[in-house]
Every structure is written in C-alpha cells, then in structure tokens.
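Each remark here refers to the structure printed beneath this line.
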Amino acid sequence: MHRTKIDVEPDAATACQNCEWTGPGSYLNAIADLGERVTAGEKMPAGQCPRCGSLAHLITTRWRVSDSITFERVWYVDAASEEEAISVAERTPNAAEETQIDNTPWHAELASESESA
Ligand SMILES: [Zn+2]
C-alpha cells in the first residue's frame with residue numbers, strides 16, 4: 001500500500017469529511033492510496049482522519065477579497081484565514097497586472113451566503 005504524507009501546518013484546523021472529527025493537522029495520518037481516492041479537480045485532502053480513516057480537509061471559509069481603493073476587482077477565495085485569502089488574491093495574475101500590487105492595500109471579508117452562491 002502506498003501512503004502519502006501531506007505537508008500541513010501542525011496547528012491548522014482540519015475536519016473529516018465522513019465523521020464528526022475535527023482537529024489540528026498534526027493529528028492526521030498519511031493517506032493510503034491517494035491516487036485512487038482523489039480525482040482531478042477535487043479538493044486536495046490534508047490527511048487521513050485518525051478516527052475513521054476517511055479523507056480530512058483543511059477547514060476553509062469563503063472570503064470576498066477586493067482592492068480597497070477602487071473595489072473594482074473582486075475575488076472569491078476559499079482560505080483558512082483572512083491573511084491567506086489576501087495572499088491568494090495577490091498571486092492572481094490579473095491582479096498583479098492591473099494594480100500596483102506592492103502598494104495596494106487589500107481588503108478581505110467573509111462572503112455572505114448569497115454572495116458565494
Ligand atoms: Zn473521520
């Protein structure tokens with residue numbers, strides 16, 4: 001059996017997709033036969049649940065990120081924290097091209113249910 005250890009922050013919040021288990025990334029086990037359990041385009045798991053053995057993922061929320069000067073460019077980003085949401089937006093090629101990325105302040109807020117639909 002092939003086991004894949006995913007590089008996850010030890011204190012990152014993760015949750016099992018099958019049972020009720022949630023806990024820090026350091027509790028997760030290496031994933032057995034990753035290639036057979038995750039298909040292309042599917043969200044990458046963070047590890048294997050220590051309780052039931054199902055795949056577990058980082059707990060992320062959807063953030064609405066915009067540049068805080070014009071509010072013209074808006075991204076919806078799934079990230080674990082506001083900081084991570086902003087860093088994802090900063091890496092978006094169009095954002096770097098169209099804005100002065102180095103001195104543009106960014107603004108991230110939790111997307112509401114209606115906005116994320
Ligand atoms: Zn589980």
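For the sequence shown, this note's numbering begins at 1 and goes up steadily by one.
Idealized CB from N, CA, C, for every residue including glycine.
Neighbourhood of residue i by C-beta distance below 6 Å, restricted to the same chain and skipping five residues each side
{"i": "residue 60", "result": "78, 79 and 80"}
{"i": "residue 32", "result": "1 and 3"}
{"i": "residue 27", "result": "50"}
{"i": "residue 36", "result": "none"}
Pairwise C-alpha distance: residue j and residue i
{"i": "residue 23", "j": "residue 13", "result": "6 Å"}
{"i": "residue 62", "j": "residue 10", "result": "22 Å"}
{"i": "residue 109", "j": "residue 83", "result": "10 Å"}
{"i": "residue 29", "j": "residue 41", "result": "22 Å"}
{"i": "residue 48", "j": "residue 70", "result": "43 Å"}
{"i": "residue 19", "j": "residue 38", "result": "18 Å"}
Cut-off 7 Å between Cβ atoms - residues of its own chain near residue i, not counting five sequence neighbours on either side
{"i": "residue 57", "result": "14, 15, 17, 43, 45 and 46"}
{"i": "residue 92", "result": "75"}
{"i": "residue 5", "result": "30"}
Close Cβ partners of residue i (< 8 Å) along its chain, the five nearest in sequence each way excluded
{"i": "residue 74", "result": "64, 65 and 66"}
For this session: Could you pull out every unbroken alpha helix (DSSP H) segment of at least 4 residues lying fully inside the region 52 to 93, listed in chain order?
Result: Counting only runs of 4 or more, we get 82 to 91.
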